[in-house]
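Chains as they are written, first to last, in the numbering used here: chain A, 8 to 273; chain B, 48 to 204; chain C, 3 to 783. C-beta: ideal position from N, C-alpha, C; glycine also. Read through the structure below, which is laid out as structure tokens, and then see the notes.
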Amino acid sequence: MIASGTDLLPRMRKRQIAPSVLLDISSFTEDLRYIRQTDGVVRLGALTTVTDLLESPVFHANLSIIREAAELFGAPQVRNVATVGGNVCSAASSEDLIPVFMALDASVKLISAKGERALPLKDFIVGKRETALGPSEILSEVSFAAPGGHSWTAYEKLGRRNMLIISIVNEALSLTLEDDLRTIGSARFALNRVSGRIPALAVRTNEFLGGRKLSEETIGQAQKVLASELSLTSDFRGSGSYRTEIAQAFLKRLLQRCSRMLGGAS
Amino acid sequence: MTKRVITLNVNGTEHPVQVDAPDRLIDVLRDQLGTKSVKEGCSTGDCGICAVLVDGRLVNSCLMLAAQCDGRRVLTLEGLLNDPSMKRLQGTFMANNAAQCGFCTPAMLMASWDLARHSSDPSPEEIKVAISGILCRCTGYYQIIDSVREGCRGGER
Amino acid sequence: MSEQVSQLIDSLRAKAERGELLYIGENVVRVDSLEKVLGNPVYTADLIPRGTVYAKLFHSAVPHGVIRGMDLGGAKAHPGVLGVLTSRDIPGLNESSAVLPDRQLFADPVVRSTADILGAVIAESSPAAADAAAKIRVEYDPLPAIFDPLEALKPDAVKIHPKGNIARQMKIRKGDVEEGFSKSDIILEKTYRTQFQDATPLEPEMGLAIPEDGGVRVIGSMQSPHHTQAAVAKVLKLPPQKVRVIQAVTGGAFGPKSDETPYDVCSTAALAAVKYRRPVFCGLDREDSMVMHTKRHPFVITHKTGVSKDGTLIADESKIVGDTGAYASLGVFVIVRATFHTVGAYEVPNVKADSFLVYTDNTYTGSLRGFGGPQAIFAIESQMEELARRLGMDPLEFRMRNMLVPGKRNATSALMDESCGLPQCLEKVVASSGYREKAARYRNQTGSVRRGLGLALLMHGNSLGPEGNDYGAVHIEVLSDGSVSVGSGLTEYGTGAISGMMQVASSILGVPLSRFKLERPDTSKHRESGPTVASRVVVIGGNASKQAAEKLREKLLPLAAEMLKARVDDVALADGIAFDRRKPSQTLTWDSLVTEAYRRGISLKEDGFFMAPPAPWDQEVGQGTPYVQYTWGALVTEVEVDMETGYYKVVGVHVAYDVGKAVNPGGVLGQIYGGTVQGLGYAMMEELLHKDGAVVNPNLGDYYIPTSMDIPAEFKAFIVEVPGPLGPFGAKIIAEPPIVLPGPAVRNAVLNATGVSVDDLPVTSEKVLMGMKLMQAPRQS
């Protein structure tokens, strides 16, 4: 299935895959290209482009992460055509939006002739470039609850240069603080790679953080939990140990930034 | 392989073209419609040298299947040769030595023209972002940025 | 006389005062600018006629082996395929090599790298040729492969070529290094490494061949049409006159298009054109280009350097190993330049250098902007920084103490004369960057974001130097409409040098460059002028152009004098107007002058020729004057490092080059900006990787060159002009030098910011971070 083809076509060119038939859904924009916010839920049609995200007035305040991630995404020509659905369905560690959506606890809607079903994003991505999409299903929507009062989501990315890169590390954190602005209500930290090359939530790290008071000590300990949770392979873009170091540095940075934005300590 | 007939509006003119499934927009533009200003630099969507405007948006024509462009409006440099804003940019590119080997020049001009439509006085940062998806190996970008800055100003809106 | 006319006359008079310097130093618009901003179809792929068939080269799957058999059946049967060419289809010599005859066009039977071309599929369309090529099955008897040049140097290493793995050796013996070391207070020995860099011209290599006249016409993207002609003629077994090669407008080159790849694509296209009697296009896509064309040699350079405690360099011994991959290509000269530049811009009384150009089974390396200079200067400038630290001296003071200035001698004992503009370059960048004040401020930083300054100095020997005769020919013809047509075997591929060369003629003749037209270099029309490499166009071509223009001027001035009824010595020509200096209101347009010349049958065609004086040097000891003049430079970079991730930005570049005379300052700046950014790519992010001999990242999504978002926010460039003896008006070369200094300057800046010495390029954030972690790790006692 092809929307913009920004991931698919280069892989075909390099002969990594050779589909005999391409099903083009790019013209179903009336049904599948939208950004809606109703009853505290943000809904993105699968054909929403990254530029649509960048230009939408919806993503400010504690949803500005969407705009941040869109700004750092690819290059203008790629942003203009790359789709939310395409990003999610590629299920690859190169897809910038996946950690963001995971941090936001997003769900996906899958439709077929038989009806529709919803799935949490973290369950939709089952392996490296593998999803739970059935053979006659289309991903039609990504949705998430707009973060509440004491929630902030932020994003960090690092690559070999500043633009047009496949990230070495690409992470998002959604932090919710209790009323004391110190106790962590919940933390959802997601990375482009946790184990092998699969984008996922850092489950143990998130569990560790939930309920603890945000402090330098907590952060230090969370970094250690993260290091033990990560099992990152090396490739020509970066070694596993380097990626682990960066992931830890970014965890700290994101915790501090989110806390600061919420009026808590940094 | 089955051929399909699609209709492409290129530079203001409707063209019915026959395409095979794997044909890309760049192939149709260069080989069937003769708009040779659209160049191919990498074939994987990483260099932007093939950038054109489709329905008003800058896209890499090597990454669009022609069949997906049925009914769309495409703009290449050939279609803007009489456009005052483009002529101004071409002039500033020449005056500032922004075209060295010239291979990225059409794409740079398309991105710059698109920027000029939205901004009459872009900052160097905005210009860098606008051309960030187009690689240049010759100029180091500085003289291009100067050209775009100068070319976007001093125009009637 | 009206005010306007009087002003015009005054302006003309003033211009005439400038004499031959009329347009020198002016930012004249290049002759080839207009066609580029119009997007005209002038590149090779734009010129493909109807009925052309396509050639797709296929290459080896193994890095070292013997071909046992090739199954071409699937390919030949693929729809649209006309045939498959292999070594059996070569009527002449199966050879495609630039210098040493060590490389075939189609490898048979031995393959020495995955870049070795085995043949070509010829088909009605490019996709058909590519799909058919994917069906070819080749069987190999593998041979042991070597990928590390230091391994290849070992006496028991597998021989990649029959004569062994050393393609060339060189040495320098100046003074007595052992004595020098014995007198040194500090001796430092360190090893530095550089990586494979890809040139990445945005237009890959391509050739179009059209059968004609018992021979073939070839149009292509290349740097050297005459060399390509010779190569194609050899393969096709045709006399060179039957192979006409025309250089199309070329979308960037940087070196590989002067090596074997244009021969490969043009010979293949020509072979197929003659065989199938159809026009044939052989164009590499980006992946093929990055696999098959020459890269920059990775080097391993060890310096052992002795200094006195007051910071005077006493002795330097270097071992220099360059990995030339499977074939020598231009490596035989790259190693020479690298060796001559082994101690860079410094005077060292005792120098010993031993260099080796070594074969491996990596894809082969050859020409790339800088040509051994970037590697050599990276090593010596890094070593200088380390020495300064060891001495506890400020890196600037240490460099100033030892740098070449008029009166000092370089590594080959060549005496630097008053044309050495290095001190002026250094002064400019030190002032512009605020070096002294900032270096003091950055000495004791704490905090998670830190800055550092890095300095590097450049000596760059001009033109071909020791590589052979350095000559060029330029032909100028004034046409009956007054336009001036210039033709040469020297080529333009982006630098603007050809336009600069024409600007010299325009200045001599007094006619604006806008009246000039460039002829496409054509072996049937233009004299062989050597390869367009080594940044030699303005210096060598410029002199030839000047000579041709002077001859034309000598013919036209007497005619103008007659028409103006003036003395020849009083006639001036500026902006296309000839006038009598004594009676300036009497004018004659260039067009009328030309018309009259034509009426009288005066021939307005002239040839200019220039050969650089010989550059003698002793091969045994590497001493002498291998270069006739030098370009000088200095660069200060400022970096800002995120200490928690190792990620850093270059926030400022301050650079100055002594170019002798800037014919077109805007053009010179263009080369400085472009070369510096390409050098920053080399310093920070570019790395073409091999795994078991196969290129890992032959595409622009995995091989990173700088984008507009990666360039330094602050970039100050200064042109210094200290005339040299070789070029027109004292011009020195500028096209290559700017790529050299960013490597060491960035490395040194990162060192000063973080304390981490990264001794192998590129300086990635991973190396910086992991270097910092190592420094923080508790020492084992």
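Burial state of residue 176 of chain C (16 or more Cβ within 10 Å): Its Cβ being crowded by 16 or more others within 10 Å, residue 176 of chain C is buried.
Please classify residue 228 of chain C: does DSSP put it in a helix, a strand, or coil? Residue state, collapsed to three classes: helix.
If we define contact as Cβ-Cβ less than 8 Å, is residue 19 of chain A a contact residue for chain C? Taking CB atoms only, residue 19 of chain A has no neighbour in chain C less than 8 Å away.
Based on DSSP bridge pairs, tell me the residues matched to residue 159 of chain A. Paired residues: A:182.
Considering only the alpha carbon of each residue, which of C:486, C:701 and C:662 lies closest to residue 606 of chain C? When each option's Cα is compared against that of residue 606 of chain C, the closest is C:486.
Restricting to Cα atoms, I'd like to know which of C:442, C:523 and C:97 is closest to residue 252 of chain C. Answer by Cα proximity: C:523.
Taking Cβ to Cβ, would you say residue 208 of chain C is nearer than 8 Å to residue 286 of chain C? Their beta carbons are under 8 Å apart, which means residue 208 of chain C touches residue 286 of chain C by this criterion.
Beta-carbon neighbours of residue 82 of chain A, restricted to chain B and to distances below 7 Å: Listed along the chain, the chain B residues whose CB falls inside 7 Å of the CB of residue 82 of chain A are 95, 179 and 180.
Fully enclosed by the stretch 235 to 276 of chain C, which beta strand (DSSP E) runs are 3 residues long or longer? Within the stretch 235 to 276 of chain C, the beta strand (DSSP E) runs of at least 3 residues that lie entirely inside it are, in chain order, 245 to 249.
What separation, rounded to the nearest whole angstrom, lies between the Cα atoms of residue 572 of chain C and residue 282 of chain C? One C-alpha to the other measures close to 57 Å.
Quick one: residues in its chain with C-beta nearer than 6 Å to the C-beta of residue 33 of chain A, no 5 flanking neighbours on either side, listed in chain order? Non-local C-beta neighbours of residue 33 of chain A in its own chain, meaning closer than 6 Å and more than five positions away in sequence, comprise 10, ordered along the chain.
Under the assumption that residue 306 of chain C contacts residue 187 of chain C (Cβ atoms under 8 Å), give the Cβ distance between them as a whole number of angstroms. Contact between residue 306 of chain C and residue 187 of chain C does not hold, since their C-beta atoms are separated by about 14 Å, which reaches or exceeds 8 Å.
Reduced DSSP secondary structure (H/G/I, E/B, other) of residue 213 of chain A: In the three-state reduction of the DSSP assignment, residue 213 of chain A falls in the helix class, which pools H, G and I.
Which of the residues in the stretch 23 to 43 of chain C, read from start to end, lie with their CB under 7 Å from any CB of chain A? Under the 7 Å Cβ criterion, the stretch 23 to 43 of chain C contributes no residue.
Would a check of beta-carbon distances place residue 164 of chain B closer than 8 Å to chain A? Judged by the 8 Å Cβ criterion, residue 164 of chain B is not in contact with chain A.
Spatial neighbours of residue 203 of chain B within its chain, please: CB distance less than 7 Å, with the 5 preceding and 5 following residues excluded, ordered by chain position. Any answer about residue 203 of chain B is weak, because its pLDDT of 49 lies below 50 and its placement is not dependable; what the coordinates show is given next. None.
In terms of residues, what are the limits of the alpha helix (DSSP H) holding residue 165 of chain B? DSSP places residue 165 of chain B inside the alpha helix (DSSP H), whose first and last residues are 152 to 165.
Three CB pairs or more closer than 8 Å across the stretch 561 to 580 of chain C and the stretch 529 to 547 of chain C: Two segments are said to touch when three or more pairs of C-beta atoms, one from each, lie closer than 8 Å; by this definition the stretch 561 to 580 of chain C does not touch the stretch 529 to 547 of chain C.
Given 8 Å, three or more beta-carbon pairs between the stretch 43 to 50 of chain A and the stretch 11 to 21 of chain A: The way I'd put it, the stretch 43 to 50 of chain A doesn't touch the stretch 11 to 21 of chain A; fewer than three beta-carbon pairs between them come closer than 8 Å.
Express the C-alpha separation of residue 192 of chain A and residue 289 of chain C in angstroms, rounding to a whole number. Residue 289 of chain C and residue 192 of chain A: Cα-Cα distance of roughly 50 Å.
For residue 93 of chain B, tell me which candidate among C:699, C:743, C:746 and C:725 has the shortest Cα-Cα distance. For residue 93 of chain B, the closest alpha carbon among the candidates C:699, C:743, C:746 and C:725 is that of C:699.
Contact set between residue 647 of chain C and chain A, taken where Cβ atoms lie within less than 7 Å: Those are 165, 253 and 256, listed as they occur along chain A.
What are the residues of the stretch 666 to 697 of chain C that lie near chain E, defined by any Cβ-Cβ distance shorter than 7 Å? The structure shown contains no chain E; its protein chains are A, B and C.
Residue range of the unbroken beta strand (DSSP E) whose run includes residue 458 of chain C: 451 to 463 is the span of the beta strand (DSSP E), which, as asked, contains residue 458 of chain C.
Straight-line Cα distance separating residue 519 of chain C from residue 204 of chain A: Between residue 204 of chain A and residue 519 of chain C, the alpha-carbon positions lie close to 56 Å from each other.
Please report the distance separating the alpha-carbon of residue 6 of chain C from that of residue 507 of chain C. Distance between the alpha carbons of residue 6 of chain C and residue 507 of chain C: 29 Å.
Counting only C-beta atoms, is residue 171 of chain A closer than 8 Å to chain B at any point? It does; some Cβ of chain B falls within 8 Å.
Residue 196 of chain A at chain C interface by Cβ criterion, 8 Å: No, residue 196 of chain A does not count as interfacial toward chain C.
Please determine, among C:584, C:544, C:42 and C:496, the residue with the shortest C-alpha to C-alpha distance to residue 614 of chain C. Of all alpha-carbon atoms in C:584, C:544, C:42 and C:496, the one lying nearest the alpha-carbon of residue 614 of chain C is that of C:544.
In the DSSP output, which residue or residues are listed as bridge partners for residue 320 of chain C? Answer is C:305 and C:355, bridged to residue 320 of chain C.
Going along the chain, which residues of its own chain have a beta-carbon closer than 7 Å to the beta-carbon of residue 341 of chain C, five neighbours each way excluded? In the same chain as residue 341 of chain C, and ignoring 5 residues on each side of it, the C-beta atoms closer than 7 Å to its own belong to 172, 174, 322, 355, 357 and 624, in chain order.
Given 8 Å as the limit, is there contact between the stretch 155 to 169 of chain A and the stretch 664 to 680 of chain C, that is, 3 or more CB pairs closer than that? No, they do not touch.
Would you mind telling me which residues of chain B sit closer than 9 Å to residue 13 of chain A, beta carbon to beta carbon, in chain order? Within chain B, 92, 107 and 110 have C-beta atoms less than 9 Å from the C-beta of residue 13 of chain A, given in sequence order.
With a 10 Å radius around its C-beta and 16 neighbouring C-beta atoms as the bar for buried, classify residue 417 of chain C as buried or exposed. Its Cβ having fewer than 16 others within 10 Å, residue 417 of chain C is exposed.
Is the stretch 81 to 93 of chain B touching the stretch 258 to 269 of chain A in the sense that three or more CB pairs, one from each, lie closer than 8 Å? Contact fails: fewer than three Cβ-Cβ distances are below 8 Å.
Have a look at the DSSP bridge pairing and note the partners of residue 656 of chain C. By DSSP's assignment, residue 656 of chain C forms a beta bridge with C:638 and C:718.
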